[in-house]
Amino acid sequence: MAHGPAKGITRWLYTTNHKDIGSMYLWFSFAMFFLGGIFALVIRAELFQPGLQIVEPNFFNQMTTMHGLVMVFGAVMPAFVGLANWMIPMQIGAPDMALPRMNNWSFWILPFAFAMLSSTLFMEGGAPNFGWTFYAPLSTTYAPPSVTFFIFAVHIMGASSIMGAINIIATIMNMRAPGMTYMKMPLFVWTWLITAFLLIAVMPVLAGVVTMMLMDIHFGTSFFDAAGGGDPVLFQHVFWFFGHPEVYIMILPAFGIVSAIIPTFARKPLFGYSSMVYATAAIAFLSFVVWAHHMFTVGLPIAGELFFMWATMLIAVPTGVKIFNWVATMFKGAMTFETPMLFSIAFVILFTIGGFSGLMLAIAPADFQYHDTYFVVAHFHYVLVPGAIFSITAGVYYWLPKWCGNMYNETMGKMHFWLAFIGLNVTFFPMHFSGLAGMPRRIPDYNMMFADWNMISSVGAFLFGAAQVMFLYNIIATIVSGKKATDEVWENPEGLEWTVPSPAPYHTFETPPEYK
Amino acid sequence: MSGGTYYVPEQSKLPIWASFGLFLTVFGAANWMNGNSYGPWLFFAGGLTFAAVLWNWFSIVISENMAGMNSPQLKRSYVMGMQWFIFSEVMFFAAFFGALFYIRTLAVPWLAGEGDGGASSELLWPGFNAEWPLMTTPDMAVNGEDALVKGPEQNMSWPGFAGLLGWLPFWNTVILLTSSVTVHFAHTAIKSDKRKQFNIMLGVTVLLGFIFLILQAEEYIHAYTELGLTLESGIYGTTFFMLTGFHGAHVTMGTMMLLVMWLRSITKGHFKSDDNFGFEAASWYWHFVDVVWVGLFFAVYVFG
Chain A
1 MAHGPAKGIT RWLYTTNHKD IGSMYLWFSF AMFFLGGIFA LVIRAELFQP GLQIVEPNFF
61 NQMTTMHGLV MVFGAVMPAF VGLANWMIPM QIGAPDMALP RMNNWSFWIL PFAFAMLSST
121 LFMEGGAPNF GWTFYAPLST TYAPPSVTFF IFAVHIMGAS SIMGAINIIA TIMNMRAPGM
181 TYMKMPLFVW TWLITAFLLI AVMPVLAGVV TMMLMDIHFG TSFFDAAGGG DPVLFQHVFW
241 FFGHPEVYIM ILPAFGIVSA IIPTFARKPL FGYSSMVYAT AAIAFLSFVV WAHHMFTVGL
301 PIAGELFFMW ATMLIAVPTG VKIFNWVATM FKGAMTFETP MLFSIAFVIL FTIGGFSGLM
361 LAIAPADFQY HDTYFVVAHF HYVLVPGAIF SITAGVYYWL PKWCGNMYNE TMGKMHFWLA
421 FIGLNVTFFP MHFSGLAGMP RRIPDYNMMF ADWNMISSVG AFLFGAAQVM FLYNIIATIV
481 SGKKATDEVW ENPEGLEWTV PSPAPYHTFE TPPEYK
Chain B
1 MSGGTYYVPE QSKLPIWASF GLFLTVFGAA NWMNGNSYGP WLFFAGGLTF AAVLWNWFSI
61 VISENMAGMN SPQLKRSYVM GMQWFIFSEV MFFAAFFGAL FYIRTLAVPW LAGEGDGGAS
121 SELLWPGFNA EWPLMTTPDM AVNGEDALVK GPEQNMSWPG FAGLLGWLPF WNTVILLTSS
181 VTVHFAHTAI KSDKRKQFNI MLGVTVLLGF IFLILQAEEY IHAYTELGLT LESGIYGTTF
241 FMLTGFHGAH VTMGTMMLLV MWLRSITKGH FKSDDNFGFE AASWYWHFVD VVWVGLFFAV
301 YVFG
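Residue numbers (UniProt numbering), protein chains in the order written: chain A, 1 to 516; chain B, 1 to 304.
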């Protein structure tokens with residue numbers, strides 16, 4: 001095995017190194033984060049005032065759709081896979097991922113898939129305009145021709161996810177250093193193991209549902225057509241059977257990251273390690289039996305409404321265990337508030353708010369009021385932005401010195417945090433109010449009565465966007481000219497990744513370490 | 001967790017070319033379906049690229065194994081990879097089986113007026129009755145001869161025990177179940193290095209796979225030409241052809257995999273009693289498509 005990276009572009013094209021692939025995943029996801037962010041800012045610019053100002057309604061719909069798709073499949077998921085690539089082998093003492101070539105294949109599918117998806121913006125009839133949930137028949141009978149490209153893009157990014165997940169499972173199950181039993185693994189590894197299982201279980205179902213769409217559109221089948229005996233609601237069932245585990249795919253690794261960071265800066269071991277593991281498994285199990293809470297208003301039988309309502313509320317129990325454990329970890333800790341810790345504490349607080357609005361939405365009779373309003377938009381942005389995005393950001397600040405060997409600028413990191421924190425709350429908190437007052441989602445124009453809250457949301461969105469530019473600048477400045485970081489980086493952090501030099505050598509743990 | 005160095009391959013051109021081939025295939029397919037004349041060209045160019053990459057990829061992995069580069073730990077990674085890949089396939093079929101069960105037990109009765117929202121049936125689809133196999137679609141119930149989505153003229157259901165021996169799905173079941181047994185015998189043969197028995201049993205399995213596919217093609221031709229049963233015959237035709245079609249596609253792939261293993265054995269003498277995972281993985285895949293068929297046989301045919 002060669003000791004250093006190859007020279008030139010082939011290093012990235014042909015690599016089998018988990019660190020190279022992790023970096024590519026992270027940069028790709030960062031690029032997608034900005035692309036999806038631009039789409040979001042188009043939406044917020046249009047909604048700054050009532051009336052149609054900037055874009056046509058059809059283009060507005062393309063923006064909401066592409067924003068959701070790019071953020072979910074292009075930004076959040078690849079970012080977590082990038083972190084998994086970088087950290088899992090180093091945290092379990094493995095020389096690399098279990099199947100290094102397949103690892104690079106999983107990555108390189110993504111630029112092709114997203115190039116194809118983005119190219120739909122320039123096609124006749126425009127990009128997909130039916131929302132990221134692509135409900136039939138909007139996405140079948142009434143879809144623009146570009147839907148075919150969307151379907152195949154989803155197919156290949158699904159293949160990428162499945163191969164990535166298989167690789168992660170094989171790595172964790174097969175490559176742990178001697179002495180690292182399952183219940184000694186870092187929580188980031190545990191949460192990713194469970195996430196990978198969810199991915200393998202539901203990405204094929206997503207492939208199934210887009211295949212049904214393809215057949216209905218091009219080959220005359222009747223899956224979602226009542227005239228032939230099918231049912232549009234079937235689409236929603238199959239989609240959300242994928243979709244609900246999918247939202248946990250976007251949050252479980254976040255739990256793992258925060259569970260690594262809080263103990264470091266509270267200077268206490270994580271409270272309740274094993275309960276964290278069991279809670280994660282419980283959440284993953286429950287994610288398979290709650291999907292129809294997204295569909296309370298489509299006309300489910302009353303028994304279905306009740307089952308999915310209670311099952312959904314049950315998720316609050318293991319999630320509450322986690323929140324309790326993070327708070328208990330900080331309790332009486334010798335706390336300091338470096339940037340990763342700030343993002344992690346904000347995660348705990350704001351994710352809890354998102355969880356509570358989720359509980360409100362879980363109440364089936366109340367959901368008839370909230371369904372398809374900005375209250376739902378507020379809810380899932382509170383779990384995804386301070387949940388997924390903040391945890392990824394926290395993870396990047398936490399591990400960046402290990403990756404590149406240089407310390408980031410702490411002042412700028414804190415400024416990034418406060419701008420992002422204020423920006424996101426200004427953006428999304430008012431949406432609770434406009435939503436409860438009845439403002440529907442995915443609408444380019446709205447009643448005058450919602451004008452104030454929308455203007456505030458739009459201002460917050462641009463503030464949040466500006467904060468991310470600062471994040472990009474800070475990362476580049478750190479890599480190019482940051483101060484040298486120590487091998488330990490932080491004060492006595494736990495984990496094998498801190499036992500190797502900073503920057504981590506191209507190959508780590510070629511012979512497995514002994515883990516006690 | 002055994003010690004020793006885990007083999008991490010050098011740089012490889014395979015992944016990026018595989019990504020490119022895969023992309024070109026689906027990009028071509030999408031263009032083809034949307035009626036662009038260059039679509040088929042892109043599709044076939046992509047498919048060829050992808051196939052060439054896979055050929056190379058497998059031959060490299062095989063030669064690495066023969067060169068002794070694969071530690072027991074690395075072999076476990078391949079084993080796990082195959083196991084979880086099969087699990088993903090299980091979930092893919094679960095989506096289509098789930099759709100079938102939902103349609104049969106909930107959606108069709110609701111369309112005919114059962115359940116809380118039943119009153120709407122009288123307004124939307126008056127005269128529609130629930131039945132399975134669904135021969136008269138809601139469209140036909142309302143629009144009669146002018147219906148756009150017509151049901152099949154005949155279906156593939158259980159002919160009763162009297163007609164069993166003349167019923168093609170029964171023979172297909174016999175063939176596939178037998179092939180699962182023969183591939184198992186091939187496995188036990190190679191485990192004790194009985195090369196000849198391995199070749200015979202594996203050859204018989206491949207032959208049975210081909211016979212199954214021929215009979216399945218025969219059944220489809222029969223359905224299209226004589227039963228008026230097509231992919232467009234309402235939800236019955238949809239679920240029938242999608243479930244059996246995806247199964248048939250998987251049998252095709254499984255047969256190809258086993259055929260390659262057979263050719264490797266007879267032409268190159270590959271596989272030993274303690275080193276035969278390429279074959280074993282293909283045989284797992286074969287058992288998996290067999291189990292799916294048993295599910296299909298009951299859900300689509302016997303109780304269909």
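A virtual CB, placed ideally from N, CA and C, is assigned to each residue, including glycine.
Starting from A:Asp225, find everything on chain B with Cβ-Cβ shorter than 7 Å and list it in chain order. Val149
Rounded straight-line distance, which links the Cα of A:Phe112 to that of A:Pro171: Checking the sequence shown, residue 171 of chain A turns out to be Thr, not Pro. Taking the straight line from one Cα to the other gives about 26 Å.
For B:Ile235, which residues from the same chain have a beta carbon less than 6 Å from its beta carbon, with the 5 sequence-adjacent residues on both sides left out? Ile103, Leu134
According to the Cβ coordinates, are B:Pro152 and B:Leu229 closer than 8 Å? yes
Look at A:Ile88 and A:Trp192 and say whether their C-beta atoms are less than 8 Å apart. yes
Expressed to the nearest angstrom, what Euclidean distance is found between the alpha-carbon atoms of B:Gly3 and A:Ile92? Note on B:Gly3: pLDDT 42, under 50, position unreliable in the model; the coordinate value appears next. Taking the straight line from one Cα to the other gives about 14 Å.
is_contact[A:Thr10, chain B] using C-beta, thresh 8 Å: yes
Would a check of beta-carbon distances place B:Val26 closer than 8 Å to chain A? yes
Proximal residues, the segment 41 to 75 of chain B versus chain A, C-beta separation under 7 Å: Gln73
By the criterion of Cβ-Cβ separation under 7 Å, what are the contact partners of A:Leu234 in chain B? Ala99, Tyr102, Ile103, Ala107
Going by DSSP in three states, B:Asp290 sits in which element: helix, strand or coil? helix
Which bits of chain B does A:Trp86 rub up against, with CB to CB less than 8 Å? Residues of chain B passing the Cβ test: none, with the nearest at roughly 16 Å.
Check whether the Cβ of A:Asp96 lies closer than 8 Å to any Cβ atom in chain B. yes
Nearest-angstrom Cα distance between A:Val209 and A:Phe235? 7 Å
How big is the Cα-Cα spacing for A:Ser391 and A:Phe347? 7 Å
Sorry if obvious, but does the Cβ on A:Asp20 come closer than 7 Å to a heavy atom of the ligand ATP? With respect to small molecules bound, the structure shown includes none, and the ligand ATP cannot be examined in it.
Counting only beta-carbon atoms, is A:Phe60 nearer than 8 Å to chain B? no
Answer with yes or no whether the minimum CB distance from B:Tyr6 to chain A is below 8 Å. yes
Are A:Pro440 and A:Val55 closer than 8 Å when you measure CB to CB? no
Contact set between A:Trp108 and chain B, taken where Cβ atoms lie within less than 7 Å: Pro15, Ile16, Ser19
Which residue wins for smallest C-alpha separation from A:Met309, given the options A:His293, A:Gly243, A:Met276? A:His293
What separation, rounded to the nearest whole angstrom, lies between the Cα atoms of B:Phe277 and B:Phe92? 24 Å
Taking the Cβ atom as the reference point for each residue, do B:Leu258 and B:Leu296 lie within a distance shorter than 8 Å? no
Assign A:Asn406 to one of three DSSP states: helix, strand, or coil. strand
A:Ala226 and B:Pro138 - do their beta-carbons sit closer together than 8 Å? yes
In three-state DSSP terms, what is A:Lys332? coil
Using a Cβ-Cβ cut-off of 8 Å (strictly less than) and excluding sequence neighbours within five positions of B:Leu213, which residues of its own chain qualify? Gly248, Val251, Thr252, Thr255
Counting C-beta neighbours from all protein chains within 10 Å, is the total for A:Pro512 16 or more, i.e. buried, or is it exposed? buried
Between the beta-carbon of B:Leu208 and the beta-carbon of B:Thr188, is there less than 8 Å? no
Min CB distance B:Met242 to chain A below 8 Å: yes
At the level of alpha carbons, what is the spacing between B:Trp125 and A:Val383? 42 Å
When DSSP labels each residue in this structure, what does A:Pro245 get in the three-state scheme? helix
Between the segment 211 to 235 of chain B and chain A, which residues of the former have a C-beta closer than 7 Å to a C-beta of the latter? Leu231, Glu232, Gly234, Ile235
Contact set between the segment 244 to 277 of chain B and chain A, restricted to residues whose Cβ is under 7 Å from the partner: none
A:Ile302 to A:Met407 span [Cα, whole Å]: 57 Å
With 16 other CB atoms within 10 Å as the buried threshold, where does A:Glu497 fall? buried
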